[in-house]
Every structure is written in C-alpha cells, then in structure tokens.
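Residue numbers (the working numbering), protein chains in the order written: chain A, 386 to 724; chain B, 386 to 724. As structure tokens, the structure follows; a few thoughts come after it.
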DNA sequence: CTGTTAGCGCTTTCAG
DNA sequence: CTGAAAGCGCTAACAG
C-alpha cells in the first residue's frame with residue numbers, strides 16, 4: 386500500500402534521491418559501498434521504479450505497439466509470439482491493438498499512438514486500408530514503423546514478408562501438376578499487397594503452363610463472411626465449376642470447405658484446395674489439406690529485431706529494407722504424412 | 386517533431402495551461418466559447434495528451450495486463466480477443482505478457498507489475514505454478530486480479546472458468562456410450578485446478594457407469610512435448626491399451642493423434658479421442674474429432690468486464706466471485722456435420 | 001469562469 | 001563521490 390519510491394529509499398539510507406537513483410542505475414560515479422547498501426535495501430523493500438515517471442522524463446517508454454487485424458488467427462498469434470519473445474529479451478513491453486479489419490479503427494488507433502505511448506509500431510494492415518495518411522502522420526511524429534506480412538509498399542521503411550509471389554506460383558503449379566485445369570483464386574483484398582502478389586504468382590503459373598487466365602474464376606472477397614460464402618458457393622455451383630482452388634488466406638479456404646460439404650463435392654476428388662494457412666494442427670488432422678505455411682514466428686521475430694535495432698540507435702527513420710522469408714508448401718499424402 | 390502539448394496550446398490561445406486542460410476534459414467550469422476555441426485548435430494541431438504525464442499524476446494508467454502461458458493457442462487468442470474488445474470499449478490499453486508455461490517467468494512478470502504500470506491484472510496461470518507468493522504480493526500492492534480459465538483457488542478474487550467438471554463428465558460419458566470401457570485420461574498438470582476438475586468429472590462418469598478407475602490409464606503430462614509424446618506412446622503400445630482417450634487439453638490430444646498414426650491405430654475405430662479444444666477450424670476439417678469447445682471469447686469478455694467494473698469503482702479488492710460458463714460438446718458424424 | 005501553484009517520481013545538469 | 005534543484009506534461013487544489 387505505502388509506496389516504495391526513491392524518496393523512501395533515500396530517507397531510509399540517509400542519502401539524497403539522486404544518489405539512490407544513480408546507484409540503482411549502476412552509475413560509475415557512485416562508490417561500491419553505497420551501491421551495495423542501496424541495492425540491498427531496494428531488494429528488501431522490493432522497489433520497482435515507476436515506469437511512467439521515467440518515461441515522462443526520458444521521453445522513452447520501452448514499449449512498442451503491435452497492431453493487427455485480429456488475433457484469433459494462427460498467423461498473427463504466432464507472429465505476436467515471435468515479437469513477444471524478442472521484446473522480452475530486450476526488456477520491452479508490448480501493447481496489442483486489434484483493428485478487426487476495420488479502417489476506421491486502425492486509423493484511430495494509429496492516431497492515438499502519436500501520444501508518445503510507444504516508441505515504435507509494428508503493424509499488419511487491415512484489409513480495408515487504402516488511405517495511408519494516418520501512417521504518414523505517425524512517421525512524421527518521429528515514430529519508427531515496421532510492417533509485417535500485410536505491408537504498405539508506398540511507405541519507405543522496413544517490411545517483413547513471406548515470399549508471396551514465389552510460394553503462390555508453386556502452389557498453383559502444384560495444383561496444375563495434380564491435373565487441375567480450371568483453378569480458381571480466392572482473393573482477399575484489392576488493397577493488400579499480399580493479395581496482389583499472391584495473385585501474380587497464380588497468374589504466372591497459369592501462364593507458364595499455357596492455361597488461360599479466366600477472370601471469372603477470381604473471387605474478390607470482402608470483410609463479410611456470409612457474402613464471401615455466397616460468392617464461393619456461386620462459383621462452385623456453376624456448370625463449369627473449378628476443379629482446383631487456391632485461397633490467398635485460410636479463412637477463404639475454410640469457406641470453400643464448407644461450400645464443398647454443402648454441395649456434396651468431394652475433396653480432393655472433385656475439387657482440390659490449397660491455401661495459405663498456419664493452422665498446423667488443422668493440417669495435421671486433415672490429410673487432404675495442402676497448405677503454404679508461413680514462418681509466422683520468425684516473421685514476428687525478424688520484424689521486432691529490426692525495430693529494436695533502430696530503437697537502440699535512436700533511429701526514427703528505418704531504412705527501406707525488405708526482408709523476405711521463405712514459406713513451405715506442405716503437401717500430405719493420404720496417410721497425412723508430410724512429403 | 387515539435388511537441389504539441391498543453392503549454393503550446395495555451396500559448397497559442399492566450400490562455401493558461403489549466404484552462405486548456407479543463408476545457409479538454411469538458412469541465413463544467415469552462416465557458417462554451419473557450420471550450421470551442423480550445424477544441425478546435427487541439428484538433429487542428431492533432432493534440433494527443435501525453436499518457437505518461439497523466440498516469441504519473443493520477444496514479445492510474447488506463448492499462449491492464451493480460452498474462453497467459455502462450456498465445457499461439459486458440460483458447461488464449463480468443464480470450465484475448467474478448468478482453469481486447471471490452472478494453473477498447475472502455476478506453477483501456479492491453480499489455481500482453483507470455484509466461485511460456487514457466488514459473489520463473491511468471492513470477493518475474495508479476496513482480497514487475499507491482500511498478501504501477503497497470504491498473505489490474507488478468508491472468509491464466511502457468512502449469513508449473515504452485516507457489517503463489519508473487520500473486521499475493523501483487524494483491525497487497527493494491528492491484529486487482531482476475532483469474533480466467535487457469536485459476537488459483539486459494540486467492541479470494543473473481544475467477545472465470547468453463548464448467549470443467551460438468552463438461553468432462555459429459556465427455557467421458559459420451560465415450561462410454563460409444564462403447565469404450567478402458568478410457569485413458571491425459572492430465573495436464575497437478576498444479577492446475579482445471580486439470581483436477583476435469584479429472585474429477587472423468588472419474589465421476591466412470592463411477593456412474595460402474596467402470597473401475599485405473600490409475601495406470603492416467604498420463605501426467607509435463608511441459609516437455611517429447612516426453613509427453615513418449616508417455617502417450619507407451620500407453621497406446623500396451624497389450625491392454627485404452628480404447629478411448631479423454632485429453633484435458635488440445636496439445637495432448639494432438640500428441641495422441643500423432644501416436645495413433647505412428648502405431649497405425651485407426652481413429653475412431655481402434656481408439657476414440659475426445660478433447661478440450663478450441664481449434665474450431667481443425668474440428669471442422671476432421672470429422673472424427675469430437676471436442677469440448679470452451680466459450681473462450683466470452684470468458685475473456687467476462688473476465689475483463691469484472692475487472693473494469695472494479696476499476697470503475699476504484700476497488701482494489703475484487704470479491705470472491707466465481708463465474709462459470711458452459712462449454713459445448715461438439716460431436717460430429719462422419720460427414721463432419723455437427724450433431 | 002480563469003489563473004497560479006504545487007507536485008506525481010524520476011533523471012540529469014550543475015555545484016560542491 | 002554526493003547533493004540540490006530543475007523540469008518532463010499533466011492535474012487539482014486554491015485563489016481570485
């Protein structure tokens with residue numbers, strides 16, 4: 386109840402507040418003897434420095450913000466784990482903000498972060514974000530930003546992603562090699578670079594194998610699950626329905642699964658599905674699920690590492706570095722073993 | 386770059402700092418006219434109050450800590466989502482701390498939180514936690530605590546959980562009704578009340594159906610996945626191996642799945658598995674997975690609601706309330722539809 | 001209705 | 001090596 390602060394320690398030791406403060410930060414200008422005395426009393430009373438006082442004084446919070454669309458999504462959870470692990474090593478704190486894929490919420494969160502509450506921001510954009518004024522403003526305030534996964538190409542700063550093009554190319558090619566000729570692409574958002582890059586990989590694979598790109602096989606999904614479901618259902622109900630589906634995100638693959646069940650289409654007999662997905666356990670449990678698994682944890686670690694490196698050097702502006710981590714195409718045979 | 390603070394606003398408006406401050410907090414003692422002027426300039430300059438200054442002054446941080454063993458776990462992710470949604474409504478910030486199921490880390494995190502960085506702590510205990518001195522200390526410092534899921538029975542405060550006993554009873558009974566007679570229990574930790582309650586439900590169901598409880602069918606799992614795997618493998622390699630498995634947590638069910646595959650045991654032919662699990666999508670994808678699905682999001686919301694109610698009233702000590710939310714037994718037929 | 005002032009707990013000159 | 005004092009940005013008496 387009674388506060389343990391520098392004043393109290395100082396009084397009890399007959400020292401000045403500044404001496405105690407310096408002793409605790411192991412300053413060279415304090416005698417060993419004094420340091421020992423201070424340290425021991427601090428431990429005894431379990432002194433914990435008030436972080437707000439020192440943040441106010443130093444204009445540094447030792448805190449970063451992680452802004453993600455949602456957290457109940459294996460990719461983001463794992464990435465946050467990665468971020469958290471580096472943060473703990475570096476003695477930083479992690480504030481989590483969820484945008485729920487909503488632009489307005491994202492903007493208001495980012496705007497709030499101009500307050501100085503955090504020293505840097507790691508962000509994965511909402512699928513609705515096209516206007517980036519709020520991010521530019523934040524940067525102008527001197528806050529370093531690192532993008533991960535869902536990056537913004539037009540802002541010069543570090544971006545950590547999966548090799549979206551390459552892995553999409555391989556995934557699509559895999560479907561083609563399995564005999565698919567009419568492959569649909571479930572597109573997450575026209576605003577997000579991941580959606581675009583993944584689509585490019587898909588198109589490139591079709592091109593390589595002389596399959597004509599059919600615009601009508603692309604489903605432009607939105608934020609409404611019901612609507613997405615309906616669109617996928619329409620697609621799979623067509624006379625000339627696709628025999629393969631490449632989903633740019635897990636959520637859309639799940640929708641496709643649902644629809645196949647409703648329409649009594651067998652997987653992978655009638656329709657082969659492949660998707661970006663980090664549901665390791667799910668794919669473990671279902672042999673017919675072939676996934677592109679992103680190195681989510683490492684993406685988090687990498688993004689955080691870049692950020693802390695900048696913060697250590699008091700760098701406000703992070704260089705326009707692009708870090709691309711490889712994803713793995715996890716194909717399973719009918720017994721569920723990886724191949 | 387240049388800071389927008391009260392001083393700056395005051396100077397530009399020819400008002401005193403305190404007047405500006407009051408105007409911004411919509412104090413009754415400020416004229417509408419002044420308020421308007423202040424507000425409009427604040428908006429124009431995009432003034433964001435320094436949270437550290439006001440926290441220091443008010444001894445309130447408008448921030449809570451959420452301490453969980455891990456985050457790449459659907460239950461915790463969903464619960465954090467729930468917490469986050471209430472926090473955002475109430476204007477609170479959420480700091481996430483991960484213990485990695487490690488007691489030492491948990492203790493050091495909790496100790497750090499005595500600093501006043503947060504106004505309250507929501508926690509789900511690490512499976513290694515048996516000593517609770519750190520939690521008692523925290524409480525003595527005047528910080529309200531709310532437990533969720535993995536609660537500590539011996540501390541008087543609010544606890545939000547699933548009806549562990551009841552749902553375990555039903556799950557076990559379900560296995561018995563499916564014809565299982567030798568049902569194993571995969572036990573998470575002897576320290577955690579959830580493990581114990583779930584075991585009690587299991588035992589009670591056996592008792593009701595006149596099946597003798599066989600201690601040798603209980604696997605006491607630890608923190609090491611390899612070891613757990615080995616123990617489950619030993620269990621399923623026995624001459625008199627179980628024909629049913631009830632896993633108290635998802636991770637152990639996954640281990641059992643792996644082992645069955647290695648030993649070429651069919652599920653649910655040779656062995657029926659049932660588990661606490663929030664991997665909705667996984668169970669969607671695999672028809673043979675029967676789960677007890679906890680209302681994770683609601684547990685998070687509920688826990689946060691209790692916390693904010695206390696904080697609103699400046700209550701340091703939360704009453705020993707127990708909130709129990711129902712879980713649902715999700716049984717699927719061979720087509721994967723819920724029944 | 002508005003201004004002056006004291007301080008939250010800490011760091012950091014500047015003096016000794 | 002140690003102490004005194006100023007001040008980070010904000011709030012809350014207390015005066016007027």
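Positions of the beta carbon are idealized from the N, C-alpha and C atoms, including for glycine.
In this model, residue 654 (chain A) and residue 643 (chain A) are separated by some 15 angstroms (Cα to Cα). Spatial neighbours of residue 568 (chain B) in its own chain (CB-CB distance under 8 angstroms, excluding positions within 5 residues in sequence) are listed in chain order as 557, 560, 561, 587, 591, 596, 602, 627, 628, 629, 630, 631. The contact set of residue 501 (chain A) on chain B, defined by CB atoms closer than 8 angstroms, consists of 433, 435, 436, 437 in chain order. By DSSP's assignment, residue 604 (chain B) forms a beta bridge with B:571.
Assigned with DSSP and collapsed to three states, residue 453 (chain A) falls in strand.
With a threshold of 8 angstroms between beta carbons, residue 481 (chain A) makes contact with chain B. Counting only runs of 3+ residues, the beta strand (DSSP E) found wholly inside the region 603-643 of chain A occupies 603-605, 629-632, in chain order. The three-state reading of DSSP puts residue 701 (chain B) in coil, since its state is none of H, G, I, E or B. For residue 489 (chain A), the closest alpha carbon among the candidates A:515, A:502, A:464 is that of A:515. Ranked by how close their Cα comes to the Cα of residue 469 (chain A), the residues A:458, A:481, A:459 have A:481 in first place. Per DSSP, the beta-bridge partners of residue 448 (chain B) are B:478. Distance from the Cα of residue 484 (chain A) is smallest, within the candidate group A:494, A:475, A:476, for A:494. Distance from the Cα of residue 688 (chain B) is smallest, within the candidate group B:675, B:698, B:707, B:700, for B:707. The three-state reading of DSSP puts residue 659 (chain B) in strand, counting E and B together. Not a single C-beta of chain A is nearer than 8 angstroms to the C-beta of residue 659 (chain B). Annotation: residue 415 (chain B) is outside any alpha helix (DSSP H) and is labelled neither H nor E by DSSP. A Cβ-Cβ contact shorter than 8 angstroms links residue 478 (chain A) with residue 447 (chain A). A direct Cα-Cα distance of roughly 21 angstroms separates residue 459 (chain B) from residue 715 (chain A). One Cα belongs to residue 410 (chain A), the other to residue 570 (chain B), and the distance between them is close to 51 angstroms. The shortest C-alpha to C-alpha distance from residue 711 (chain B) to any of B:471, B:552, B:705, B:634 is the one to B:552. Inter-segment contact for the region 605-620 of chain A and the region 533-552 of chain A is absent: fewer than three beta-carbon pairs are separated by less than 8 angstroms. According to the DSSP assignment, residue 533 (chain A) belongs to the beta strand (DSSP E) that extends over 530-533. One Cα belongs to residue 440 (chain A), the other to residue 431 (chain B), and the distance between them is close to 21 angstroms. Residue 502 (chain B) carries a coil assignment under DSSP once its states are collapsed to helix, strand and coil.
Annotated three-state conformation of residue 442 (chain A) is helix, per DSSP. The C-alpha of residue 675 (chain A) lies about 37 angstroms from the C-alpha of residue 505 (chain A). Taking C-beta separations shorter than 7 angstroms and ignoring five residues to either side along the sequence, the partners of residue 427 (chain A) in its chain run 394, 409, following chain order. The continuous beta strand (DSSP E) containing residue 709 (chain B) extends over residues 707-710. Residue burial is scored here from C-beta neighbours: residue 566 (chain A) has fewer than 16 other C-beta atoms within 10 angstroms and is therefore classed as exposed. Relative to the Cα of residue 450 (chain A), the nearest Cα in the group A:397, A:415, A:523, A:605 belongs to A:523. Using a Cβ distance threshold of 8 angstroms, residue 454 (chain B) and residue 512 (chain B) count as a contacting pair.
For residue 677 (chain A), the pairing in a beta bridge is given by DSSP as A:661, A:714. Beta-bridge partners of residue 508 (chain B) (DSSP): B:452, B:532. Apart from the 5 residues on each side of it in sequence, residue 638 (chain B) sits with its Cβ closer than 7 angstroms to the Cβ of 632, 658, 660, 662 in its chain, given in chain order. Flagged as an interface residue toward chain A: residue 440 (chain B), by a C-beta distance shorter than 8 angstroms. For the region 632-653 of chain B, the set of positions with a beta-carbon nearer than 8 angstroms to some beta-carbon of chain A reads 635, 639, 642, 643, 646 in chain order.
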